[in-house]
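**Q** Quick note, the sequences are listed as chains B and Z, same order.
Here the first sequence is numbered in the working numbering, starting from 1172 and rising by one per residue.
Here the second sequence is numbered in the working numbering, starting from 1172 and rising by one per residue.
Number of protein chains: 2
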Amino acid sequence: MSYELTILGSSSAIPSLEKNPTAQLLNANERFFLIDCAEGTQIQLRKYKFKFHKINRIFISHLHGDHYFGLIGLLSSMHLLGREKELHIYAHAKLKQIIDVQLEASNTELCYPLFFHVINPETDEVLFEDKKIKISTFPLNHGIDCNGFLFEEKKSPRKIISEKIQEYNIPIENLKSIKNGEHFITEDGDVILNNELTIENNKASSYAYCSDTKYCESIIEKIKGVSLLYHEATFMNDRKNRAEETNHSTTIDAATIAKLAQVKHLLIGHFSQRYRDESLLLEESKRVFKNTLIAKQGRTINFSDM
Amino acid sequence: MSYELTILGSSSAIPSLEKNPTAQLLNANERFFLIDCAEGTQIQLRKYKFKFHKINRIFISHLHGDHYFGLIGLLSSMHLLGREKELHIYAHAKLKQIIDVQLEASNTELCYPLFFHVINPETDEVLFEDKKIKISTFPLNHGIDCNGFLFEEKKSPRKIISEKIQEYNIPIENLKSIKNGEHFITEDGDVILNNELTIENNKASSYAYCSDTKYCESIIEKIKGVSLLYHEATFMNDRKNRAEETNHSTTIDAATIAKLAQVKHLLIGHFSQRYRDESLLLEESKRVFKNTLIAKQGRTINFSDM
């Protein structure tokens, strides 16, 4: 069980033969979340051997084409493949109209239930929550409605040593409270200290996705201390003006946000096509925030133990 | 100068790693016409080294996703690349709404003039005509509004032997009438017979595109005698019932239309993904119409001299 992120595409604006625009797949303990869905994403999913039917929730950050033009094709292929399971999309309101008008044009009634959850671009909100994960969204600053996403694993603070369950004949109904730090009292009335039964659990994983945005300190509180932060870095620092004009960030912007938010690792991508040598962007970011990685297409990052 | 068709994609329904859904590029004497535009078409254009800016007219046969989901991405890339030239799209009315809602969502005003020409799905009509080419459309039979396209080169019946122009000092303004068979009278009043000045021109090229459709004899008159007919052949003949249910054709349907229309060559494609061995479809078609070719992705067919 782990949290793994696969970069399906990470270039900005125009697809090329080698590089797809933005799409990422988060495998959160074998639950698959698709984040953004540029043209060609369904082919990227096939290339990296992910099954469409395992994806149950799709998150679209904003309605620039390089972040969603592949969605209608993926929805359509899921239909043609006979999907029956629910699919949930989280996006800004206009995307529903875009999907509906295309389904209507082809006279298609999807063979699976599609639930569209409208994101409010003005405020933070929780989009989905259960025992294992909490997914929330927060506004970015990109000229048009644009949101980031935060995926937070939920974990008990302590992990039970499995041999102890047998040794003390611990009933299932007690396990939850023990994981939360309580002691165990045997049938004979002996108190077994929690320390003897458990060890500290791995830290829960968390992933924050921030694309696209200009430098925006209001997100820092939201993403504080995450295991992994993806933050776009379209330009290098010498093009700071261009970044501001186009509502994008520089490597230094991304790294500064990572530093201020005290995240564990920073992942940068969405580089302008002017940059042939991505290592220059990496170096520049590392000067401000050492634990920077590049969101290279095809790369999978396991950040459970980071 | 020639008529050349390049198959950018030819599979049906769902894109795969190896095969793109339908898109074709017709090079008509260095004028480029894009016919259908499935997801990934802009990448296919790059792969086969066609410049986006050379395409001035795009024809969309119908609004099933495997024939147009790549259009919005291509339009968007043309915008990002700073296109200034006019672009003309010929398609059914609903596509305009689909394009508009997506441009609106991203707050995009295209930097080039986009002209949308609505196709009437009920009747034949001429879509474009000038001195060199005539492009018309005609209804197919596919469950939703679906049209075929016919591209007809215009050529003078005769070609002037270039040495004769100098020899008799023929003024430019006389060339057209000579190409059309008239004699030339010199300044001295000598009559030079057309036979001496010209040779018979190559036959004008013509291309008919029929995808998708069930067997439909009403198109025969329209496409009579064309140099090259593309006709979908989704199924083999043993699945004739399935073809009818899904408003598609079999190899035998396509070949029968080709035969009745006395076309020179037939190109079949849009094969169902159930077929691994395309040579079986080719063989079946050839039994009815010998000059059958397969619309293999990446194939370029020069049919000027066919």
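A virtual CB, placed ideally from N, CA and C, is assigned to each residue, including glycine.
As the structure is a computational prediction, the values presented were derived from the model and not from experiment.
1. Looking only at its chain, what residues have a beta carbon closer than 6 Å to the beta carbon of B:I1229, apart from the 5 residues adjacent to it on each side?
2. Which same chain residues end up closer than 8 Å to Z:I1336 when comparing Cβ atoms and leaving out the 5 residues on each side of it in sequence?
3. What residue range does the beta strand (DSSP E) around B:D1207 cover?
4. Cβ closer than 7 Å: which chain Z residues qualify as neighbours of B:F1489?
5. Cβ of B:A1199 within 8 Å of Cβ of B:D1207?
6. Since Z:N1418 meets chain B, which of its residues come closer than 8 Å, beta carbon to beta carbon?
7. Can you grab the Cα-Cα spacing for the pair B:L1321 / Z:S1382, in whole Å?
8. Who are the near neighbours of B:T1463 in its chain, counting only those whose CB is closer than 7 Å to its CB and skipping five residues on each side?
9. Could you compute how far the alpha carbon of B:Y1446 sits from the alpha carbon of Z:K1374?
10. What's the gap between the Cα of B:R1470 and the Cα of Z:K1267?
11. Taking just the CA atoms, how far does B:F1203 sit from B:G1360?
12. Using a Cβ-Cβ cutoff of less than 6 Å, which residues in the same chain neighbour Z:N1312 once the five nearest sequence positions on both sides are dropped?
13. Within a Cβ cutoff of 7 Å, which residues of the same chain sit near B:L1252, ignoring the five residues on either side of it in sequence?
14. Below 8 Å, can you find three or more Cβ-Cβ pairs linking the stretch 1273 to 1285 of chain B to the stretch 1301 to 1315 of chain B?
15. So the candidates are Z:N1473, Z:P1192, Z:V1289; which of them puts its Cα closest to the Cα of Z:L1400?
16. Between the alpha carbons of B:I1465 and Z:F1221, how many angstroms are there, rounded?
17. Given Z:S1475, which residues of its chain have a CB within under 6 Å of its CB, disregarding the five upstream and five downstream residues?
18. State buried or exposed for B:S1248, treating a residue as buried only when at least 16 other CB atoms are found within 10 Å of its CB.
19. List the endpoints of the continuous alpha helix (DSSP H) containing Z:N1365.
20. Spell out whether any CB of chain Z is found under 8 Å from the CB atom of B:G1180.
21. Is B:S1377 helix, strand or coil by DSSP?
22. What residues in the stretch 1258 to 1291 of chain Z have a beta carbon less than 9 Å from any beta carbon of chain B?
23. What does B:V1362 pair with, by DSSP beta-bridge criteria?
24. Inspect the beta-carbon positions of Z:L1431 and Z:I1391 and report whether they are closer than 8 Å.
25. Give me the residue from Z:F1460, Z:L1368, Z:G1319, Z:R1410 with the minimum Cα distance to Z:G1352.
26. With distance defined between alpha-carbon atoms, name the residue in Z:Y1380, Z:E1255, Z:S1232, Z:N1366 nearest to Z:C1317.
27. Less than 8 Å separating the beta-carbons of Z:I1370 and Z:I1423?
28. Taking the CB atoms as reference points, tell me whether Z:F1240 and Z:A1209 lie closer together than 8 Å.
29. Can you give me the C-alpha to C-alpha distance between Z:S1181 and Z:E1416, rounded to a whole angstrom?
30. Give me the chain B residues within the contact set of Z:H1235, using Cβ-Cβ distance strictly less than 8 Å, ordered along the chain.
31. Can you list, in chain order, the residues of its chain with a C-beta nearer than 8 Å to that of B:T1357? Leave out the 5 residues immediately preceding and following it.
32. At what residues does the alpha helix (DSSP H) containing Z:A1184 begin and finish?
33. Under the three-state reduction of DSSP, which class applies to Z:S1307: helix, strand or coil?
34. Got a sec? Which residues, its chain only, sit under 6 Å from B:E1323 by beta carbon, not counting five neighbours each side?
35. With a threshold of 6 Å on Cβ separation, who are the neighbours of B:L1285 within its own chain once the five nearest residues in sequence on each side are excluded?
36. Looking only at DSSP bridge pairs, what is B:K1225 linked to?
**A** With the given structure in hand:
1. Only residues of its own chain outside the window of five on either side were considered, and among them L1205, I1260 have a CB closer than 6 Å to the CB of B:I1229, listed in chain order.
2. The beta carbon of Z:I1336 lies closer than 8 Å to those of L1346 in the same chain, with the five residues before and after it left out.
3. Counting along the chain, B:D1207 sits inside the beta strand (DSSP E) bounded by residues 1202 to 1208.
4. The displayed coordinates of chain B run from 1172 to 1477. Any statement about residue 1489 of chain B would go beyond what the structure contains.
5. It is not a contact, given that the beta carbons lie outside the stated cut-off.
6. Residues of chain B with a Cβ closer than 8 Å to the Cβ of Z:N1418 do not exist, since the nearest Cβ in that chain sits about 11 Å away.
7. Their Cα atoms are separated by approximately 45 Å.
8. Within the same chain, B:T1463 has close Cβ partners A1426, L1437, I1439, L1453, S1456, K1457.
9. B:Y1446 and Z:K1374 have their alpha carbons spaced roughly 50 Å apart.
10. A direct Cα-Cα distance of roughly 38 Å separates B:R1470 from Z:K1267.
11. Per the coordinates, the alpha-carbon of B:G1360 lies some 45 Å from the alpha-carbon of B:F1203.
12. If you ignore the 5 residues before and after Z:N1312, its C-beta comes within less than 6 Å of the C-beta of T1384, K1385, C1387, all in its own chain and listed in chain order.
13. Contacts found: F1223.
14. Segments in contact, no.
15. Restricting attention to Z:N1473, Z:P1192, Z:V1289, the CA atom closest to the CA of Z:L1400 is found in Z:N1473.
16. Cα to Cα, the separation comes out at about 31 Å.
17. Excluding residues within five positions, the ones whose Cβ falls inside 6 Å are S1173, Y1174, S1376.
18. B:S1248 should be labelled buried.
19. First-last of the alpha helix (DSSP H) with Z:N1365: 1365 to 1368.
20. Chain Z contact via Cβ: absent.
21. Looking at B:S1377 - three-state DSSP - the assignment turns out to be strand.
22. Residues of the stretch 1258 to 1291 of chain Z whose Cβ lies closer than 9 Å to any Cβ of chain B, in chain order: H1263, K1265, L1266, Q1268, I1269, V1272, Q1273, E1275, A1276, S1277, N1278, T1279.
23. B:V1362 is bridged to B:I1356.
24. With contacts defined by Cβ atoms closer than 8 Å, Z:L1431 and Z:I1391 form a contacting pair.
25. Measuring from the Cα of Z:G1352, the nearest candidate turns out to be Z:L1368.
26. Cα-wise, what sits closest to Z:C1317 is Z:S1232.
27. Not in contact: Z:I1370 and Z:I1423 (Cβ atoms no closer than 8 Å).
28. It is a contact, given that the beta carbons lie within the stated cut-off.
29. For Z:S1181 and Z:E1416, the distance between alpha carbons rounds to 21 Å.
30. For a Cβ distance threshold of 8 Å, residue set S1277 of chain B lies close to Z:H1235, ordered along the chain.
31. Exclusion of the five residues before and after B:T1357 leaves Y1339, N1340, I1363 as the residues of its chain whose Cβ lies within less than 8 Å of its Cβ.
32. Run containing Z:A1184: none; DSSP gives neither H nor E here.
33. Z:S1307: strand per DSSP, three-state reduction.
34. Exclusion of the five residues before and after B:E1323 leaves K1305, S1377 as the residues of its chain whose Cβ lies within less than 6 Å of its Cβ.
35. Excluding its 5 nearest sequence neighbours in each direction, B:L1285 has C-beta neighbours in its own chain below 6 Å: L1258, listed in chain order.
36. Among the bridge pairs identified by DSSP, B:K1225 is matched with none.
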